[in-house]
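Single-structure report; data block below.
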Amino acid sequence: EQLHFQLYNLMGQKVEAAVQEEGNRYRFSSGHLPKGIYLLEVLGREERASLKILKE
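Counting in the numbering used here, the sequence shown tops out at residue 123, every number present.
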């Protein structure tokens, strides 16, 4: 299934994030992001999930 990822800061602004697919795993780079809390939204064909990410 094709997944789409969107990363947001707590102000609701979309943040650019490069996502790399590695088989059934995904990796994104956060090195360019400032410290803070982010929301990662994962969108599938019929499902949606949100994850809170803390960058320290």
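Where is the CB? At the ideal position from N, CA and C, for every residue including glycine. Computed from a predicted model, the values in this text were never measured in an experiment.
Counting along the chain, the unbroken beta strand (DSSP E) around Ala116 starts and ends at 115-122.
Counting other Cβ atoms within 10 Å of its Cβ, Leu77 stays below 16 and is therefore classed as exposed. The DSSP-derived three-state label of Asn76 is strand.
Assignment of Gly90 by DSSP, reduced to helix, strand and coil, places it in the coil class. Assignment of Lys81 by DSSP, reduced to helix, strand and coil, places it in the strand class.
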